[in-house]
Amino acid sequence: MTTKRIAVMKQLLAFTGIEQDRLQLEWVSAAEGPKFAQAITEFTNLIKALGPSRLKVAA
Amino acid sequence: MNEKVKAKVKELLASGRIKGFWGLRTMQGNIGPFLFSSPDDLDELVVGDRERPGDTRYPLNKLLVNLARCYPEEVFGVLVRGCDERGLKTLYSWNQLNPEKVVPVGIACPQELAEACECLKPFPDEFVAGEKAEGSEFVSVANVESLSLESRLEHWLDQFAKCIKCYGCRDICPVCFCKECTLEKDDFIHTGDLPPENPIFHLTRAVHMAGRCIDCGLCNEACPADIPLRTLYKKVADIIDEEFHYRPGYGDPKEKSPLNILGEAPKH
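Residue numbers (the working numbering), protein chains in the order written: chain Z, 1 to 59; chain D, 1 to 268.
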């Protein structure tokens, strides 16, 4: 269900002018510390590359 | 158009097939919703064409849901355009109405209205009055899509900034039937602020329209700030169709919304 919602949400964000990469979905169990760290590092790098949200600039 | 509908309703009421009929009538020069209960009392029944076709519409389905909750055993008739019929089917699918207790009396919208609404199917499956018009493409959606990402955000923020948070879009929506509404939950959206927290407020509502919105456009008509909500929800409907091959109200009402069942994974 979450996979479905995220797929819809990403496209809705794109339609309203927000980079859809700002929304990411990842499944990580509590026993997967390194995977969690990796996912967050990748996400952080992605967000840094995208730069500040124009939504934040507008506000 | 009015006379054909009157004849049909008269027959339904006189035969005892329905207990009452949710339609529209003229009252002191205005048009409003009315529950007709006698076959001899249909003189003022109209289909809602005041100055232009379909310029006076009400969420009759929503009134029907309320009435059916009070009288679950009775059968009621209701005036439906193509969009209203989609609303009925969606309400059946979400178990808000029992199809065995509803008798729709359909009318087809003229081409002019179909185009103004960008309606894919401006007629119900069966109708007693009007001519079948051609469906129309979602031009308004394509217009927004032709903009750059930056311009889209600017466009929507400008539109959403006009919101006075009257909840008119939600209150008039025939498929908004939740007892508790996220839009009023402080945990999700700051309540009490004007304009509301944007784009969160409107995106939240848009997400809740996914798999539900039947593109009747009443939200757009009710909005005192003229926010093009219909365009936003049309896009949501397109996304759901693309991802899950589902468009609320067009198929079999037994089919559930993809966001209501686990079902297949999205395409993208």
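We put the beta carbon where it would ideally sit given N, CA and C, even for glycine. All values derive from a computational prediction rather than experimental measurement.
{"query": "Residues bridged to G77 (chain D) (per DSSP)", "result": "D:F21, D:V103"}
{"query": "Interface partners of L25 (chain Z) on chain D, CB under 9 Å", "result": "Within 9 Å Cβ-Cβ: nothing; L25 (chain Z) doesn't reach chain D, min ~11 Å."}
{"query": "The region 186 to 215 of chain D: positions lying closer than 8 Å to chain Z by Cβ", "result": "P199, L203, A206, V207, A210"}
{"query": "Contact check, C109 (chain D) vs G32 (chain D), beta carbons under 7 Å", "result": "no"}
{"query": "Beta-carbon gap between P196 (chain D) and K4 (chain Z) smaller than 7 Å", "result": "no"}
{"query": "Residue ranges of each alpha helix (DSSP H) within the region 194 to 244 of chain D, 4 or longer", "result": "200 to 209, 218 to 222, 229 to 244"}
{"query": "Residue interval of the beta strand (DSSP E) (run including I31 (chain D))", "result": "30 to 36"}
{"query": "Under 7 Å by beta carbon: chain Z residues contacting H268 (chain D)", "result": "A7"}
{"query": "Start and end residues, alpha helix (DSSP H) containing E112 (chain D)", "result": "111 to 117"}
{"query": "Three-way DSSP call (helix, strand, coil) for M1 (chain Z) in this model", "result": "coil"}
{"query": "Under 7 Å between C-beta atoms of K19 (chain D) and F76 (chain D)", "result": "yes"}
{"query": "Span separating the alpha-carbon of L270 (chain D) from that of K89 (chain D)", "result": "In this structure chain D extends from 1 to 268, so residue 270 (chain D) is not present and cannot be described."}
{"query": "Outcome for K162 (chain D) when other beta-carbon atoms lying within 10 angstroms are tallied against a minimum of 16", "result": "exposed"}
{"query": "Residue burial classification, E118 (chain D) (beta-carbon count within 10 angstroms, cutoff 16)", "result": "buried"}
{"query": "Span separating the alpha-carbon of S257 (chain D) from that of A210 (chain D)", "result": "9 Å"}
{"query": "Closer than 7 Å to chain Z by CB, E170 (chain D)", "result": "It is Arg, not Glu, that sits at residue 170 (chain D) in the sequence shown. With 7 Å as the cut-off, R170 (chain D) does not count as an interface residue toward chain Z."}
{"query": "Rounded straight-line distance, which links the Cα of F43 (chain Z) to that of P34 (chain Z)", "result": "14 Å"}
{"query": "P124 (chain D) vs G168 (chain D) beta-carbon contact at 7 Å", "result": "no"}
{"query": "A265 (chain D) - DSSP class collapsed to helix/strand/coil", "result": "coil"}
{"query": "T2 (chain Z) at chain D interface by Cβ criterion, 7 Å", "result": "no"}
{"query": "Option in Z:G17, Z:A7, Z:Q38 with minimal Cα separation from K56 (chain Z)", "result": "Z:G17"}
{"query": "Contacts of R22 (chain Z) in chain D (Cβ-Cβ under 8 Å)", "result": "Within chain D, no residue comes near R22 (chain Z); the closest Cβ sits about 11 Å away, beyond 8 Å."}
{"query": "Buried versus exposed, by CB contacts within 10 Å (16 or more), I261 (chain D)", "result": "exposed"}
{"query": "Candidates D:K234, D:R170, D:P174, D:V128: closest to F201 (chain D) by CA position", "result": "D:R170"}
{"query": "Rounded C-alpha distance that separates I240 (chain D) from R247 (chain D)", "result": "7 Å"}
{"query": "Below-7 Å beta-carbon distance, F15 (chain Z) vs any chain D residue", "result": "yes"}
{"query": "Whole-angstrom C-beta distance between L113 (chain D) and P104 (chain D), which should lie under 8 Å", "result": "About 18 Å; that fails the 8 Å criterion."}
{"query": "Proximal residues to A222 (chain D) (C-beta, below 8 Å), its chain only, five neighbours per side dropped", "result": "G168, C169, D171, I172"}
{"query": "Cβ shell of R152 (chain D) (< 7 Å), same chain only, five flanking positions each side left out", "result": "V144"}
{"query": "Of the residues Z:K10, Z:Q24, Z:E19, the one placed nearest T41 (chain Z), counting alpha carbons only", "result": "Z:Q24"}
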